[in-house]
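> In the UniProt record's numbering, the protein residues as written are 10 to 254.
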Ligand code: GLN
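(1) Roughly how many whole angstroms lie between the Cα atoms of residue 249 and residue 211?
(2) Inspect the beta-carbon positions of residue 228 and residue 149 and report whether they are closer than 9 Å.
(3) Work out the CA separation of residue 198 and residue 13 for me, nearest whole Å.
(4) Where does the unbroken alpha helix (DSSP H) through residue 229 begin, and where does it stop?
(5) Could you give the first and the last residue of the continuous alpha helix (DSSP H) run that contains residue 53?
(6) Counting along the chain, where does the beta strand (DSSP E) carrying residue 142 start and finish?
(7) Can a CB atom of chain D be found closer than 9 Å to the CB of residue 129?
(8) Alpha carbon to alpha carbon, what distance is there between residue 195 and residue 147?
(9) Along the alpha helix (DSSP H) that carries residue 63, what are the first and last residues, could you check?
(10) Rounded to whole angstroms, what is the Cα-Cα separation between residue 113 and residue 49?
(11) Would you list the one or two residues that DSSP bridges to residue 161?
(12) Can you give me the Cβ contacts of residue 163 inside the same chain, cut-off strictly under 7 Å, excluding the 5 residues immediately before and after it?
(13) Does the beta-carbon of residue 137 have 16 or more other beta-carbons within 10 angstroms, so that it is buried, or is it exposed?
(14) Quick check: the Cα distance between residue 186 and residue 88, rounded to an integer number of angstroms?
(15) Go through its chain and collect everything with a Cβ distance to residue 206's Cβ below 6 Å, but skip five positions before and after it.
(16) Just to confirm, does residue 109 get its C-beta within under 8 Å of one of the non-hydrogen atoms of the ligand GLN?
(17) For residue 6, which residues does DSSP report across the bridge?
(18) Can you check whether the CB of residue 39 is closer than 9 Å to the CB of residue 47?
(19) Given the structure, does residue 82 come close to the ligand GLN, in the sense that its CB is under 8 Å from one of the ligand's heavy atoms?
(20) Within the same chain, show all residues whose beta-carbon is closer than 6 Å to that of residue 90, passing over the 5 residues directly before and after it, in chain order.
(21) Counting only the same chain and skipping the five closest in sequence on each side, list residues whose C-beta sits under 8 Å from that of residue 22.
(22) How many whole angstroms separate the CB atoms of residue 77 and residue 122, which I take to be in contact at a CB cut-off of 8 Å?
(23) Say yes only if the C-beta of residue 165 is nearer than 8 Å to one or more non-hydrogen atoms of the ligand GLN, and no if none qualify.
(24) When you compare only the Cα positions, how much space is there between residue 174 and residue 60?
(25) Roughly how many whole angstroms lie between the Cα atoms of residue 101 and residue 63?
(26) Does the beta-carbon of residue 168, which I'm using as the reference point, lie nearer than 8 Å to any heavy atom of the ligand GLN?
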């Protein structure tokens with residue numbers, strides 16, 4: 010039995026839960042012949058510390074990260090979220106504003122900045138592609154899906170990872186142990202330099218995407234992530250995380 014929460018302060022909550030449900034159905038139908046059947050999943054909305062403490066894994070949805078941080082602070086959730094991600098090191102995935110929250114630094118924020126949860130040793134650039142009307146859908150090649158078929162990336166006021174933080178002198182324990190892996194890139198928009206922007210990363214238990222898989226009906230990333238969750242919980246990484254089957 011695995012409980013996966015979606016932080017439900019603001020943003021695309023229902024969309025994640027509905028895609029998670031589809032993903033879980035797909036996983037359980039795939040695993041009927043497997044020697045280690047997929048556990049049962051429960052998906053819950055998280056608005057309180059009590060709900061957070063029931064979760065084995067968590068999604069931080071898209072929305073607006075400054076608002077999300079303010080509401081989380083008011084509800085006394087910010088420090089418990091930091092504990093969940095960085096001390097208990099439970100599997101956590103942030104999409105768009107959720108990725109911003111999971112970064113250790115964000116640029117293009119107002120003076121004084123905004124509160125972040127952290128967990129990914131990266132600096133993100135918020136609103137990289139401009140305002141709401143510059144939203145777009147772009148085909149992504151995501152090698153971790155192990156399929157040729159591109160993934161339709163929905164980018165809405167999306168951030169990108171502009172820097173991976175690897176300062177050796179102040180390296181955190183996590184930086185030394187687990188590197189940031191780049192799991193997806195997208196060509197930089199015209200006039201903003203050559204090469205590709207980083208739009209999907211993972212560092213240990215933390216996964217982040219710039220785009221919104223929950224706004225498509227493509228269940229592949231949710232299926233992949235739930236498999237990662239099962240593996241991480243089975244391997245017993247992190248503190249106080251146990252999988253009861
Ligand atoms: N630009 C928003 C932020 O910085 C994120 C947008 C989104 O989640 N679609 O929080």
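Glycine residues also receive a C-beta, built at the ideal position from the N, C-alpha and C atoms.
In short:
(1) One-based indexing of the chain shown puts residue 249 at position 240. One-based indexing of the chain shown puts residue 211 at position 202. Caution applies to residue 249, whose pLDDT of 49 falls short of 50 and renders its modelled position unreliable; the value that the coordinates give is listed next. Answer to the nearest angstrom: the Cα atoms are 21 Å apart.
(2) Translated into positions along the chain shown, residue 228 becomes position 219. Translated into positions along the chain shown, residue 149 becomes position 140. No, they are not a contact pair.
(3) One-based indexing of the chain shown puts residue 13 at position 4. One-based indexing of the chain shown puts residue 198 at position 189. One C-alpha to the other measures close to 35 Å.
(4) Here residue 229 refers to the residue found at position 220 when the chain shown is read from its first residue. Element bounds for residue 229: 229-244.
(5) As a working mapping, residue 53 is identified with position 44 in the chain shown. Residue 53 -> not in any alpha helix (DSSP H); beta strand (DSSP E) instead, spanning 50-55.
(6) Sequence index remark: in the chain shown, residue 142 carries index 133 (1-based). That residue, residue 142, is in no beta strand (DSSP E); it is neither H nor E in DSSP.
(7) In summary, chain D is missing from the structure at hand, where a single protein chain is found.
(8) Locating residue 147 in the chain shown gives position 138, where the first residue counts as 1. Locating residue 195 in the chain shown gives position 186, where the first residue counts as 1. When rounded, the distance between both Cα atoms is 8 Å.
(9) Position 54 of the chain shown, counting from 1, holds the residue named residue 63. Note, residue 63: alpha helix (DSSP H), 58-63.
(10) Against the chain shown, residue 113 aligns to sequence position 104. Against the chain shown, residue 49 aligns to sequence position 40. About 33 Å.
(11) Translated into positions along the chain shown, residue 161 becomes position 152. 148.
(12) Within the chain shown, residue 163 is the residue found at index 154, counting from 1. So the list reads 146, 220, 221, 224, 225, once near-sequence residues are dropped.
(13) The residue you call residue 137 lines up with position 128 of the chain shown. So residue 137 ends up on the buried side.
(14) Along the chain shown, one-based indexing puts residue 186 at 177. Along the chain shown, one-based indexing puts residue 88 at 79. Straight-line Cα distance between these residues: approximately 23 Å.
(15) Stepping through the chain shown from its first residue, residue 206 is reached at position 197. Same-chain partners within the cutoff: 169, 195, 197.
(16) The sequence position of residue 109 within the chain shown is 100, counting from 1. Within the cutoff, so yes.
(17) Since the first and last residues shown for the chain are 10 and 254, residue 6 lies out of range.
(18) By 1-based counting over the chain shown, the position of residue 47 is 38. By 1-based counting over the chain shown, the position of residue 39 is 30. Yes, Cβ-Cβ distance for residue 47 and residue 39 is below 9 Å.
(19) By one-based count along the chain shown, residue 82 stands at place 73. Outside the cutoff, so no.
(20) Numbered from 1 along the chain shown, position 81 holds the residue referred to as residue 90. Hits under 6 Å: 126.
(21) Position 13 of the chain shown holds residue 22. Result list for residue 22: 15, 16, 54, 70, in chain order.
(22) The residue labelled residue 77 in the question sits at position 68 within the chain shown. The residue labelled residue 122 in the question sits at position 113 within the chain shown. In fact, because the Cβ distance is near 14 Å, the residues do not count as touching under 8 Å.
(23) In the chain shown, residue 165 corresponds to position 156, counting from 1. Indeed, a heavy atom of the ligand GLN lies less than 8 Å from the Cβ.
(24) By 1-based counting over the chain shown, the position of residue 174 is 165. By 1-based counting over the chain shown, the position of residue 60 is 51. So the alpha carbons of these two residues sit roughly 32 Å apart.
(25) For this step, residue 101 is matched to residue 92 along the chain shown. For this step, residue 63 is matched to residue 54 along the chain shown. Each residue's Cα considered, the two are about 14 Å apart.
(26) Translated into positions along the chain shown, residue 168 becomes position 159. Answer for residue 168: yes, Cβ within range of the ligand GLN.
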